[in-house]
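Heads up, the sequence shown is in this note's numbering, so the first residue is 50 and it goes up one at a time.
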Amino acid sequence: MGISSAQNPDAVQPIAAPPAYAGTVDNSADCRREYQTRGFEPASSDGRRHPLFLYFVGTNFGKDPEADIRDNIPAANAVTEAMARRGFVALMVDYDNTVLALASDHRNQTRCLFAPHEPRSLLRAACALDTVDCELGIATWGHSQGGAVAHLAPNHDPRVRAVWTTGYAGDMASVLPVNRLRVLAGENENNGKPEILNKAAGFTPGECPDDGRSHCLRADGSGWIIVRDADVATTADHCWFYRHTCWSTETFLEPSWTDRGSTKQYAIEPNTAWVAEVVRSPL
50 MGISSAQNPD
60 AVQPIAAPPA
70 YAGTVDNSAD
80 CRREYQTRGF
90 EPASSDGRRH
100 PLFLYFVGTN
110 FGKDPEADIR
120 DNIPAANAVT
130 EAMARRGFVA
140 LMVDYDNTVL
150 ALASDHRNQT
160 RCLFAPHEPR
170 SLLRAACALD
180 TVDCELGIAT
190 WGHSQGGAVA
200 HLAPNHDPRV
210 RAVWTTGYAG
220 DMASVLPVNR
230 LRVLAGENEN
240 NGKPEILNKA
250 AGFTPGECPD
260 DGRSHCLRAD
270 GSGWIIVRDA
280 DVATTADHCW
290 FYRHTCWSTE
300 TFLEPSWTDR
310 GSTKQYAIEP
320 NTAWVAEVVR
330 SPL
């Protein structure tokens with residue numbers, strides 16, 4: 050017999066009718082392609098509305114789009130389910146993640162995703178869900194190009210109050226205060242160097258010297274974390290959390306990332322807990 054949501058406050062459920070929205074193609078000027086979302090929400094039936102969480106995958110380097118989505122769903126499900134347990138409506142977002150979009154300035158791409166004046170934007174569609182109250186806050190997660198998109202979201206909407214990324218070098222100019230950003234990277238990727246992570250997370254070399262440390266976090270939990278090769282079953286490269294290597298064809302979720310009992314600083318549980326706390330603290 051199942052446990053009711055009243056008995057189990059951690060109970061979540063798939064979103065029955067996740068929203069679609071209109072986005073760009075290769076960072077085009079118009080928002081013309083329909084994209085889908087999917088995810089989880091709290092299973093409570095008490096009528097309460099919830100803050101919003103958005104998950105953005107990395108670049109699709111020439112795969113069939115449907116295959117790229119399928120490859121990313123296991124990792125996205127792990128994160129969005131964890132955020133739903135923390136009281137969020139959590140969506141994995143299909144978006145314009147092409148190579149041409151990666152090489153662009155992301156202006157049109159993110160405008161179609163987040164701009165309040167776009168009639169079919171992602172945020173307009175997601176915030177219109179009966180179970181969502183975006184005034185309670187929005188958080189974003191992104192890998193690689195998805196990290197850039199996630200970090201640019203606050204430029205369009207101040208309700209975005211927390212950003213969590215991996216494999217992102219902090220190249221985008223964002224209005225998000227650095228104390229609301231957490232950046233992860235694999236030890237064996239270019240973005241896993243302290244000088245790059247310091248730039249991304251807003252530290253000086255004096256604050257976070259390259260002395261072999263695996264993290265540099267402020268008292269509020271913002272900052273950066275390096276995923277060490279010795280700690281994972283993957284190769285700690287750019288795709289450390291969902292593949293053995295970026296060249297692997299099979300999905301593999303890093304166990305110390307997904308394990309709810311993991312004490313690793315890069316694990317899903319401590320990071321989603323931090324995101325949830327930050328979102329609920331007003332700017």
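All C-beta atoms, glycine included, are put in the ideal place defined by N, C-alpha and C.
Start and end of the beta strand (DSSP E) containing residue i?
i, result
"Phe105", "101 to 105"
"Ile274", "272 to 276"
"Met221", "Element bounds for Met221: n/a, residue is neither H nor E."
"Trp213", "209 to 215"
"Val61", "61 to 63"
"Val232", "230 to 235"
"Ala71", "70 to 72"
"Glu83", "82 to 84"
Quick test of your reading: residue i and residue j, contact by CB under 8 Å. State the CB separation rounded to the nearest angstrom.
i, j, result
"Gly219", "Lys248", "5 Å"
"Val276", "Trp289", "5 Å"
"Val232", "His99", "About 26 Å separates the two Cβ atoms, so there is no contact after all."
"Leu149", "Asn237", "Not quite, the Cβ-Cβ distance comes to about 27 Å (not below 8 Å), so this is no contact."
"Leu101", "Val138", "6 Å"
"Leu382", "Thr73", "No information on residue 382 is available, as it lies outside the stretch 50 to 332 that the chain covers here."
Quick check on the DSSP output: the alpha helix (DSSP H) that includes residue i runs from which residue to which?
i, result
"Gly195", "194 to 205"
"Val327", "317 to 328"
"Val142", "Counting along the chain, Val142 falls outside any alpha helix (DSSP H), though it belongs to the beta strand (DSSP E) covering 138 to 142."
"Arg119", "114 to 134"
"Leu151", "148 to 151"
"Ser311", "That residue, Ser311, is in no alpha helix (DSSP H); it is neither H nor E in DSSP."
Please classify residue i: is it buried, with 16 or more other beta-carbons within 10 angstroms of its beta-carbon, or exposed?
i, result
"Lys313", "buried"
"Thr298", "exposed"
"Asp280", "buried"
"Val224", "exposed"
"Ala211", "buried"
"Asp286", "buried"
"Gly261", "exposed"
"Phe89", "buried"
"Glu303", "buried"
"Met50", "Annotation note: pLDDT 33 at Met50 (below 50); position unreliable, coordinate value reported separately. With fewer than 16 other Cβ atoms within 10 Å, it is exposed."
"Ser271", "buried"
"Ser330", "exposed"
"Gly111", "exposed"
"Ala55", "Bear in mind that a pLDDT of 48 at Ala55, under 50, signals an unreliable position, so the model cannot answer this."
"His166", "exposed"
"Leu172", "buried"
Give the DSSP bridge partners of residue i, in chain order.
i, result
"Thr159", "Thr159 is not bridged to any residue."
"His293", "The partner list for His293 (beta bridge, DSSP) is empty, contrary to what the question assumes."
"Leu171", "None; Leu171 has no bridge partner."
"Phe89", "Pro63, Ala139"
"Leu266", "Gly272"
"Ala249", "Note: Ala249 sits in no beta bridge, so no partner."
"Gly191", "Phe105, Thr214"
"Val181", "His99"
Taking 7 Å as the cut-off, is the CB of residue i close to at least one heavy atom of the ligand GDP?
i, result
"Ser297", "Only the bare structure without any ligand can be found here, which leaves the ligand GDP out of the picture."
Does the pairing of the segment 207 to 227 with the segment 183 to 199 give three or more beta-carbon distances under 8 Å? yes
Answer yes if the segment 88 to 99 comes into contact with the segment 255 to 262, meaning at least three C-beta pairs across the two stretches below 8 Å, and no otherwise. no
Tell me whether the segment 56 to 76 and the segment 109 to 124 touch, counting them as touching only if at least three CB pairs, one residue from each stretch, are closer than 8 Å. no
Under 8 Å: do the segment 138 to 148 and the segment 70 to 89 share three or more Cβ pairs, one atom per stretch? yes
Contact between the segment 97 to 108 and the segment 198 to 210 is defined here as three or more beta-carbon pairs at a separation below 8 Å; is this criterion met? yes
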